[in-house]
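Asks: One structure coming up, written as structure tokens, with questions to follow.
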Amino acid sequence: DGGITQSPKYLFRKEGQNVTLSCEQNLNHDAMYWYRQDPGQGLRLIYYSQIVNDFQKGDIAEGYSVSREKKESFPLTVTSAQKNPTAFYLCASSTTKGRTGANVLTFGAGSRLTVL
Amino acid sequence: AQSVTQPDIHITVSEGASLELRCNYSYGATPYLFWYVQSPGQGLQLLLKYFSGDTLVQGIKGFEAEFKRSQSSFNLRKPSVHWSDAAEYFCAVGADDYKLSFGAGTTVTVRA
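Sequence lines, in order, name chains P and U.
Take the first sequence: its letter number 105 is residue 105 in our numbering, and every next letter is one higher.
Plus 1000 on top of the position in the second sequence (first one is 1) and you've got our numbering.
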């Protein structure tokens, strides 16, 4: 079955450490996204990529980095510069056909990062 | 830029009763509107979407939503709630870029 796989599901980090969250999709989607979810704040866009080797900052990119070397993969690194990294992180993908704002997102199951 | 407001943080409804979740958006043109549902600890699943045409749209799991341009609203409804509908519901609006703007979400609790 096609879908998005995020790993790990739970991750614990000590302060000052970088961590990388994995996101892999087999939907043949061109666009991929990373969202951060905090209680009562909905989803906020961190980074998105419309095509391989290209990505753009979202609304809260500071302290995060991404790469898009393959169409299927869009890993997110949470760096030590991110002041409050404890959150639920969601990866999503979509096609890029037609009107851009109309693209339906398919989400992974999420990764919960806790800083100790 | 577009924005979304979900006025109700938490709603409790009895099983079998009707449910309505409110969503108001801010956008200068006709937006693309979505409702997603999230079960605890899971990703989001699309319930329904509105792009154009008939302002009453049907979705999965018996949900429907009505687009009202004059009120800038896209409220979600279900005539009879099941215990499995307990979840968090997000309204989202898309515009001319690849970014969706999500509301803060409404948590639905279903009591027996």
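Glycine is no exception: its CB is placed at the ideal position from the N, C-alpha and C atoms.
So, at 7 Å on beta carbons, what are the nonlocal neighbours of U:T1012 in its own chain, with the 5 sequence-adjacent residues on each side left out?
Replies: Here residue 1012 of chain U refers to the residue found at position 12 of the second sequence. T1109 and R1111, listed in sequence order.
Asks: What does U:Y1089 reach in chain P if we use C-beta pairs closer than 7 Å?
Replies: Residue numbering aside, residue 1089 of chain U sits at position 89 when the second sequence is read from its first letter. Per Cβ cutoff of 7 Å: no residues; U:Y1089 is ~11 Å from chain P at best.
Asks: Would the C-beta of P:T77 count as close to the ligand ZN, meaning under 7 Å from any of its heavy atoms?
Replies: Ligands in the displayed structure: none, and consequently the ligand ZN is not present.
Asks: Is the separation between the beta-carbon of P:T5 and that of P:G108 shorter than 8 Å?
Replies: Along the first sequence, read from residue 1 onward, the residue named residue 5 of chain P stands at position 5. Along the first sequence, read from residue 1 onward, the residue named residue 108 of chain P stands at position 108. Cβ atoms of P:T5 and P:G108: closer than 8 Å.
Asks: Please report the straight-line C-alpha distance between P:G3 and U:L1056, rounded to a whole angstrom.
Replies: Translated into the one-based positions of the first sequence, residue 3 of chain P becomes position 3. Translated into the one-based positions of the second sequence, residue 1056 of chain U becomes position 56. Answer to the nearest angstrom: the Cα atoms are 29 Å apart.
Asks: Give, in chain order, every residue of the segment 1041-1052 of chain U whose Cβ lies closer than 9 Å to some Cβ of chain P.
Replies: Listed by position, the residues of the segment 1041-1052 of chain U near chain P (Cβ gap below 9 Å) are G1041, Q1042, G1043, L1044, Q1045, L1046, K1049 and F1051.
Asks: Going by C-alpha to C-alpha distance, which of U:A1086, U:F1102, U:A1065 and U:G1105 sits closest to U:E1020?
Replies: On the second sequence, residue 1020 of chain U is found 20 positions in, with the first residue counted as 1. Residue U:A1065 is the option with its Cα nearest to U:E1020.
Asks: Sort out for me which residues DSSP pairs U:F1051 with in a bridge.
Replies: Numbered from its first residue, the second sequence carries residue 1051 of chain U at position 51. DSSP lists no partner for U:F1051.
Asks: Output, in chain order, the set of chain P residues within a Cβ distance shorter than 8 Å of U:L1076.
Replies: For the purposes of this step, residue 1076 of chain U is identified with residue 76 of the second sequence, where counting begins at 1. Here the premise fails: no neighbours, minimum Cβ distance about 15 Å.
Asks: Once you ignore the five residues that flank P:H29 on each side, which residues in its own chain have a CB closer than 6 Å to its CB?
Replies: One-based indexing of the first sequence puts residue 29 of chain P at position 29. Here the set comprises S93, S94 and T95.
Asks: Closer than 8 Å by C-beta to P:K70: which residues in its own chain qualify, once you throw out the five before and the five after it? Chain order, please.
Replies: Locating residue 70 of chain P in the first sequence gives position 70, where the first residue counts as 1. For P:K70, where only same-chain residues beyond five positions count, the Cβ hits under 8 Å are V52.
Asks: For P:G58, which residues of its own chain have a beta-carbon under 7 Å away from its beta-carbon, when the five flanking residues on both sides are left out?
Replies: Translated into the one-based positions of the first sequence, residue 58 of chain P becomes position 58. If we look at P:G58 and ignore the five residues flanking it on each side, its Cβ neighbours are L45, I46, Y47 and Y48.
Asks: I need the straight-line Cα distance from P:L90 to U:K1099, nearest angstrom please.
Replies: The residue labelled residue 90 of chain P in the question sits at position 90 within the first sequence. The residue labelled residue 1099 of chain U in the question sits at position 99 within the second sequence. Roughly 14 Å between the two C-alpha positions.
Asks: Consult DSSP for P:R68 and reduce its assignment to one of helix, strand or coil.
Replies: If you number the first sequence from 1, residue 68 of chain P lands on position 68. In this structure, P:R68 counts as coil in the three-state DSSP scheme.
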